[in-house]
Every structure is written in C-alpha cells, then in structure tokens.
Amino acid sequence: MEFIVDIDQISEDEPLRLMVAKRHGIGIYQNGDDYYCIDDWCPHAGGYMTQGPVEGMLAMCPIHGFQFEIDTGKCLQAAAFNVTSYPVTRRGDKLVINVEIDEAEA
Ligand code: FES
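For the sequence shown, position 46 (counting from the first letter as 1) is numbered 79 according to this note's numbering, and the numbering increases by one without interruption.
Dropping the structure here:
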C-alpha cells in the first residue's frame with residue numbers, strides 16, 4: 034500500500050511516526066536532503082524509535098537505548114532486533130512510501 038506524506042512534516046530533529054495499520058507504525062526520518070523509513074517498533078520491548086533521539090543516521094530507542102540505522106533498519110546491538118526498512122521516493126514536496134500490510138496488522 035502506498036502512503037504519501039508532506040515533506041514539511043519531517044525534520045532532522047523530529048521524525049514522523051505514521052500508523053499504516055492498526056498495529057503497524059513506521060518512522061520517517063530526514064538526514065540532509067535524504068529521507069528514510071523504518072518500522073517504528075523496537076523488537077526488544079516495544080519502544081517507538083521516533084520518540085527517542087536521532088544522531089545522524091542512527092535512531093535510538095527511548096526505552097533501553099538500542100540504536101537502529103535509519104537506512105537499513107539494522108540494530109547495532111543485536112541482529113535479532115533488526116527492523117524492516119522501506120524505500121522512500123520524493124515527488125516534489127511529498128514523500129511516497131510503500132509498505133506491505135498483512136492481514137494480522139489491519
Ligand atoms: S525496548 Fe527498545 S531497546 Fe529495549
């Protein structure tokens with residue numbers, strides 16, 4: 034499913050949390066002129082990375098501080114906690130993100 038957001042909803046300091054299904058949130062991040070998207074649910078204990086600090090290409094979970102690469106979803110503390118990343122396409126002042134939603138999340 035395609036999701037479209039206004040680019041001015043996102044800044045380097047404030048990523049955007051977007052619910053794409055009842056139980057599925059994504060985080061959209063800016064770094065310079067580039068935009069990235071990863072799942073916004075920490076597999077360690079359910080923190081939302083969009084509510085933690087962002088340093089460069091790393092988003093930090095606010096609960097225990099695990100760090101996630103915003104371009105790949107890789108968790109630097111343990112591969113078992115990697116999250117899904119999604120390609121972001123810029124169209125003018127909009128960002129387009131494609132996320133597959135499975136029935137269990139709807
Ligand atoms: S819940 Fe995210 S690091 Fe523990």
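We put the CB at the ideal spot given by N, CA and C, even for glycine.
>> Is Ile-96 near the ligand FES - that is, is its Cβ less than 7 Å away from at least one heavy atom of it?
In response: On the sequence shown, residue 96 is found 63 positions in, with the first residue counted as 1. Under cutoff, so the answer is yes.
>> Short of 8 Å in beta carbon distance, which residues of its chain neighbour Pro-120, apart from the five on each side in sequence? Order them along the chain.
In response: The residue labelled residue 120 in the question sits at position 87 within the sequence shown. Excluding sequence neighbours, Pro-120 sits near Cys-70, Ile-130 and Asn-131.
>> Quick check: the Cα distance between Cys-94 and Gly-125, rounded to an integer number of angstroms?
In response: For the purposes of this step, residue 94 is taken as residue 61 along the sequence shown, with counting starting at 1. For the purposes of this step, residue 125 is taken as residue 92 along the sequence shown, with counting starting at 1. Using only the alpha carbons, I get a separation of about 31 Å.
> Can you give the beta carbon distance from Gly-85 to Ala-78, rounded, assuming they're within the 8 Å contact cut?
Replying inline: Locating residue 85 in the sequence shown gives position 52, counting from the first residue. Locating residue 78 in the sequence shown gives position 45, counting from the first residue. Incorrect: roughly 13 Å between the Cβ atoms, too far for contact.
>> Using a 10 Å radius around the Cβ and a threshold of 16 neighbouring Cβ atoms, would you call Ile-43 buried or exposed?
In response: As a working note, residue 43 is residue 10 in the sequence shown. Label assigned to Ile-43: buried.
> Should Gly-58 be counted as a contact of the ligand FES given a C-beta to heavy atom distance under 7 Å?
Replying inline: Position 25 of the sequence shown holds residue 58. Gly-58 Cβ: outside cutoff for every heavy atom of the ligand FES.
> By DSSP, does Thr-83 sit in helix, in strand, or in coil?
Replying inline: As a first step, residue 83 is located in the sequence shown; it is residue number 50 there, counting from the start. Of the three classes helix, strand and coil, the one that applies to Thr-83 here is helix, per DSSP.
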